[in-house]
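J.:
Residue numbers (our numbering): 1 to 132.
(1) Return the residue from the list 74, 28, 20 and 56 that minimises the CA-CA distance to residue 121.
(2) Can you say whether residue 108 is buried or exposed, counting buried as having 16 or more other CB atoms within 10 angstroms of its CB?
(3) Taking only three categories from DSSP, how would you classify residue 36?
(4) Taking just the CA atoms, how far does residue 130 sit from residue 48?
(5) Leaving out five residues before and five after residue 6 in sequence, what residues of the same chain have Cβ atoms less than 6 Å from its Cβ?
(6) Using a Cβ-Cβ distance cut-off of 7 Å, determine whether residue 82 contacts chain D.
(7) Hey, residue 69 and residue 19: beta-carbon distance below 7 Å or not?
(8) Using only the alpha-carbon positions, how far apart do residue 41 and residue 106 sit?
(9) If you run the structure through DSSP and keep just helix, strand and coil, what is residue 47?
(10) Is it buried or exposed, residue 86, if we count other Cβ atoms within 10 angstroms and call 16 or more buried?
(11) Of all the alpha helix (DSSP H) runs that stay within the bounds of the segment 70 to 124, which reach a length of 4 or more residues?
(12) Here's the rule I'm using: 16 or more other beta-carbon atoms within 10 Å means buried, otherwise exposed. How should residue 3 be labelled?
Shown next as structure tokens:
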């Protein structure tokens with residue numbers, strides 16, 4: 001761990017991680033602190049479920065959707081965790097985020113609809129349910 005990273009973690013700077021304020025505010029408003037990887041109550045950053053490390057990544061603003069944000073503990077479960085970009089893990093995290101936004105009565109906005117469309121999520125989530 002570098003000194004700079006340690007300092008960033010202390011001030012919880014990882015929550016910014018290139019997400020717009022509406023995304024950060026959503027997680028803050030619902031008081032979410034659970035790490036979606038291990039279930040601990042130590043989430044201190046937001047992870048892009050679909051990022052440049054994803055096998056089907058498509059560049060664009062749609063990636064700033066709340067649907068693409070996943071609360072994690074930065075040093076324990078985010079940094080260096082290549083498993084996060086296995087397609088089955090990404091689908092599982094996307095399902096969990098969908099459940100959370102539904103439980104909290106979030107209304108999808110255009111960027112969320114674009115995210116769903118770009119990654120054909122309706123079909124991917126549906127086909128994953130059929131194979132589970």
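Even glycine gets a Cβ: it sits at the ideal position worked out from N, Cα and C.
T.: This is what the structure gives:
(1) The residue given as residue 121 occupies position 121 in the chain shown. Ranking the options by Cα distance to residue 121, first place goes to 56.
(2) Residue mapping note: residue 108 aligns to position 108 of the chain shown, counting from 1. Exposed is the call here.
(3) Taking the first residue of the chain shown as position 1, residue 36 is located at position 36. Of the three classes helix, strand and coil, the one that applies to residue 36 here is coil, per DSSP.
(4) Along the chain shown, one-based indexing puts residue 48 at 48. Along the chain shown, one-based indexing puts residue 130 at 130. Each residue's Cα considered, the two are about 25 Å apart.
(5) Sequence index remark: in the chain shown, residue 6 carries index 6 (1-based). The predicted model places residue 6 with a pLDDT of 37, which falls under 50 and marks its position as unreliable, so this point remains unresolved.
(6) Going by chain labels, chain D is absent from the structure shown, which holds only one protein chain.
(7) Stepping through the chain shown from its first residue, residue 69 is reached at position 69. Stepping through the chain shown from its first residue, residue 19 is reached at position 19. Cβ distance < 7 Å, so residue 69 and residue 19 count as in contact.
(8) Here residue 41 refers to the residue found at position 41 of the chain shown. Here residue 106 refers to the residue found at position 106 of the chain shown. C-alpha separation (whole angstroms): 22 Å.
(9) Stepping through the chain shown from its first residue, residue 47 is reached at position 47. Three-state DSSP puts residue 47 in a strand.
(10) As a first step, residue 86 is located in the chain shown; it is residue number 86 there, counting from the start. It is exposed - the Cβ of residue 86 has fewer than 16 other Cβ atoms within 10 Å.
(11) 87 to 103 and 110 to 118
(12) Along the chain shown, one-based indexing puts residue 3 at 3. For residue 3, the predicted model reports a pLDDT of 33, less than 50, meaning its position is unreliable; a value from the coordinates is still stated below. Exposed, because fewer than 16 other Cβ atoms sit within 10 Å of the Cβ of residue 3.
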